[in-house]
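Asks:
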Amino acid sequence: MNNKMSSKKEKTNAKNVIKMMAKIYKETSEHKKWAIGRWFGGIASGVISVFDFYIIGSSLDVALSGEYERLMSFIYALIAIFIIRILLQFTNPLIDSQYELRTYRTLSMNAYNKIDKLEMGYYENVHTADTISTLIDDIEKIKTFMGNTIAGFLSWNPVSLILSIIILCSINWKLTLFSLTIVPIVMFILNKVSEPLKAAKNNIQEHTAVLNSYLRDFIEGNDIYKAFNMHKSHTEKFQESCQNIANESYKSSLVMTKNRALQILMMVIPQGICMFASIYFIARNELTIGQYVIFSNMLWPLIHTFRTFGIGWAEMIGYSGTAERYFKFLANKEERTDGKDFGTNDSDIIVEFKNVSFSYHDDIPLLKDVSFKLYKNSRLALCGVSGSGKSTIFKLICGYYENFTGEIYIFGHDIRAWNLNALRKYMTCVTQDVFLFDDSIVNNIRMGNLDATDEMIEDASKKAYIDQFIKDVGERGAKVSGGQRQRIAVARALLKDAPLIMLDEPTSALDTKSEFYVQKSIENLKKGRSVLIIAHRLTTIIDSDQIILLEDGIIAEQGTHEQLIKSNKRYSELYRRQLVDQEVQDA
2 MNNKMSSKKE
12 KTNAKNVIKM
22 MAKIYKETSE
32 HKKWAIGRWF
42 GGIASGVISV
52 FDFYIIGSSL
62 DVALSGEYER
72 LMSFIYALIA
82 IFIIRILLQF
92 TNPLIDSQYE
102 LRTYRTLSMN
112 AYNKIDKLEM
122 GYYENVHTAD
132 TISTLIDDIE
142 KIKTFMGNTI
152 AGFLSWNPVS
162 LILSIIILCS
172 INWKLTLFSL
182 TIVPIVMFIL
192 NKVSEPLKAA
202 KNNIQEHTAV
212 LNSYLRDFIE
222 GNDIYKAFNM
232 HKSHTEKFQE
242 SCQNIANESY
252 KSSLVMTKNR
262 ALQILMMVIP
272 QGICMFASIY
282 FIARNELTIG
292 QYVIFSNMLW
302 PLIHTFRTFG
312 IGWAEMIGYS
322 GTAERYFKFL
332 ANKEERTDGK
342 DFGTNDSDII
352 VEFKNVSFSY
362 HDDIPLLKDV
372 SFKLYKNSRL
382 ALCGVSGSGK
392 STIFKLICGY
402 YENFTGEIYI
412 FGHDIRAWNL
422 NALRKYMTCV
432 TQDVFLFDDS
442 IVNNIRMGNL
452 DATDEMIEDA
462 SKKAYIDQFI
472 KDVGERGAKV
482 SGGQRQRIAV
492 ARALLKDAPL
502 IMLDEPTSAL
512 DTKSEFYVQK
522 SIENLKKGRS
532 VLIIAHRLTT
542 IIDSDQIILL
552 EDGIIAEQGT
562 HEQLIKSNKR
572 YSELYRRQLV
582 DQEVQDA
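Heads up: the sequence shown begins at 2 in our numbering, then just goes up one per residue.
(1) Going by DSSP, which residues form a beta bridge with C384?
(2) Given a cut-off of 8 Å on the beta-carbon distance, is the pair E125 and E336 in contact?
(3) What residue range is occupied by the uninterrupted alpha helix (DSSP H) comprising D143?
(4) Tell whether a beta-carbon distance below 8 Å holds between I205 and E249.
(5) In angstroms, rounded to a whole number, what distance separates the CA positions of T406 and V357?
(6) Between P302, F179, R326, which has its C-alpha nearest L162's C-alpha?
(7) Please indicate yes or no: does the CB of R493 lie closer than 7 Å to some heavy atom of the ligand MG?
(8) Take Y466 and list the residues in its own chain whose beta-carbon comes closer than 7 Å to its own, dropping the five residues that flank it on each side.
(9) Under a three-way DSSP split, which group does S482 fall into?
(10) For L136, which option in I56, R106, I304 has the closest C-alpha, if you only look at C-alpha atoms?
(11) Compute the distance between the beta-carbons of A536 and E506, then report whether it is under 8 Å.
(12) Expressed to the nearest angstrom, what Euclidean distance is found between the alpha-carbon atoms of Y251 and Q244?
(13) Our contact map puts K144 next to L176 with C-beta atoms below 8 Å; I'd like the distance itself, whole angstroms only.
(14) In the DSSP assignment, find the alpha helix (DSSP H) that holds T177 and state where it starts and stops.
(15) If you follow the alpha helix (DSSP H) that Y410 is part of, which residue opens it and which one closes it?
(16) Between T209, T150, K426, which lies nearest to M21 when the distance is taken from Cα to Cα?
(17) Which residue or residues does DSSP assign as beta-bridge partners of F373?
(18) Where F54 and N298 are concerned, what is the direct C-alpha to C-alpha distance, given to the nearest angstrom?
(19) Among the candidates L169, G43, N114, E516, whose CA atom is the shortest distance from the CA of I96?
(20) How long is the line joining the alpha carbons of L551 and K374, rounded to whole angstroms?
(21) Going by the beta-carbon positions, is the gap between F438 and M448 smaller than 8 Å?
(22) Spell out the partners DSSP gives W419 in its beta bridges.
(23) With contact counted as at least three CB pairs below 8 Å, one residue from each stretch, are the segment 381 to 398 and the segment 109 to 118 in contact?
(24) Can you tell me the Cα-Cα spacing of L300 and N213, whole angstroms?
(25) Quick check on T289: does DSSP put it in helix, strand or coil?
(26) Looking only at its chain, what residues have a beta carbon closer than 6 Å to the beta carbon of I19, apart from the 5 residues adjacent to it on each side?
(27) Helix, strand or coil: how does DSSP classify M503 here?
(28) Quick check on C430: does DSSP put it in helix, strand or coil?
(29) Tell me the rounded alpha-carbon separation between F343 and A423.
(30) So does the segment 86 to 96 actually touch the segment 315 to 331, counting three or more Cβ pairs closer than 8 Å?
(31) CA-CA distance, I166 and Q292?
(32) Taking 8 Å as the threshold (C-beta atoms), are V431 and A494 in contact?
(33) On the DSSP letters alone, give me the boundaries of the alpha helix (DSSP H) that E563 sits inside.
(34) Whole alpha helix (DSSP H) runs in the segment 28 to 87 with 4 or more residues, listed along the chain?
(35) Can you tell which of H32, I76, K570, V435 has the C-alpha that lies nearest to the C-alpha of L102?
(36) Leaving aside the five residues before and after F75 along the sequence, list all residues of the same chain whose C-beta is less than 8 Å from its C-beta, in chain order.
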């Protein structure tokens, strides 16, 4: 039973390795000429390495026989081999590095393009550090692995192995058999010992991704860690993660140590057998001195080839797990790319929800039968406590999720019929948490319209009340405050000049002075545009054309500020409570 399971596992490993290699070659097929070039270079090196020893040994027998004219032909052959070897020493590394670099570039660009196409759900379910680990660590290992595999496992090794065995058997098959008896036994043991290597390498990659996530959280949230004295808890997590990597690395190194010990046996024992057996065959005139030189010199590279086969196979099993991670990432679901660009001029209704229900998970509904309309050049505010579904509505309008029930129309057309990239040209978002790229302030603003002129950027900066700040601190802007970040975001939105503006209460976390300038910049942004705003401070939305109060994913109340105050229900209660809280703060 155990033998059957072991055999099945070996077949599974071999099948998986071949499958992963085929997928990588297919993924990088545009560089096949470099792969083929390196393959031929490896074959040439294998042939040269074998015939080098054969000619040296044969020339010794010719020299001992006194056939000096024939000896010269062997010397010319050795000179030719020397020249070819020098050329291969130059061309093989050059081709190999080109193949590896091009493979790395292709794999990286394919992963980058995948990131650009992934559904938003991926980013909400997978830590950023896991993706970064795939982009950097996994691809680097696959690149090195593929280069080494072509150079050795698929070219030099098999050629060297086959030619060496043919030549040695033609000289004395008995001596060849005696010398290599132990090799299959050690190879079998090596294969068994190497089996845990794939699991260990996979675990190292997974624990490394966890460690990267801890590092990223610690760096980005360092102020929170300090403020709440979280050093101990974070250190414990970090130490545990490091220990997990150390444990798996120890397992991996233990396997490799066993491999090396077995490989030494595989090299030393055959050499000893060859030496003592050769004395017997020379005494019986079944082996010449030159043939012994061929044997003693060729046996070492032959055993080395067996050895590198063992190492290569162990590495291939280990790195096939790395390749699996990469292709699992590429297999993630992408946003759809079909649909049309309908434009924005044929509808007075900008956004319309008809009986929309939505949940991230089937058992946790976030929106339930929601219906509303946002008319052209009007302002619609969404309010309610955290978790009521406000941000979810924004995500649905942006087309981040389409597994909703009901109907959503944007600019008069079903959102499922829109091309998502085209749709997003006509909307822009300003949120509480503004992301700024690692670039100049001007270039961050330019992200709203990459074709914008300097005059357009200056105009947007003035309307966002950020122009003086740019002049004072320079383009890079050392440290940007919350209010300044918000105004940069507003300037970016002004430059995009989209007809639909979505605001996720960008002033909720600002001081009074910053809020004043941000509000003024937002008023400039709202002019002549349709606005959908998430409101936390109800005092900021009293001039909205329509206000919707969400509670537990349903519309609890809907109307103008005056109508909702007169109804004296939940909205009125929240509004009066905020007024009291504001008076207490002002006091």
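Quick reminder that beta carbons are idealized off the backbone N, C-alpha and C, glycines included.
Replies: Quick look at the numbers:
(1) A536, L550
(2) no
(3) At residue 143 the sequence reads Ile, which differs from the Asp that was named. Element bounds for I143: 140 to 149.
(4) yes
(5) 5 Å
(6) P302
(7) In the structure shown, the ligand MG is absent, as is every other ligand, since no ligand is present at all.
(8) R488, Y518, K521, S522
(9) coil
(10) R106
(11) yes
(12) 10 Å
(13) In fact, because the Cβ distance is near 42 Å, the residues do not count as touching under 8 Å.
(14) 158 to 181
(15) Where Y410 is concerned, there is no enclosing alpha helix (DSSP H), although the beta strand (DSSP E) it sits in stretches over 406 to 411.
(16) T150
(17) F354
(18) 6 Å
(19) G43
(20) 15 Å
(21) yes
(22) K341
(23) no
(24) 47 Å
(25) coil
(26) none
(27) strand
(28) strand
(29) 8 Å
(30) no
(31) 14 Å
(32) yes
(33) 562 to 568
(34) 33 to 66
(35) H32
(36) I56, S59, S60, V63
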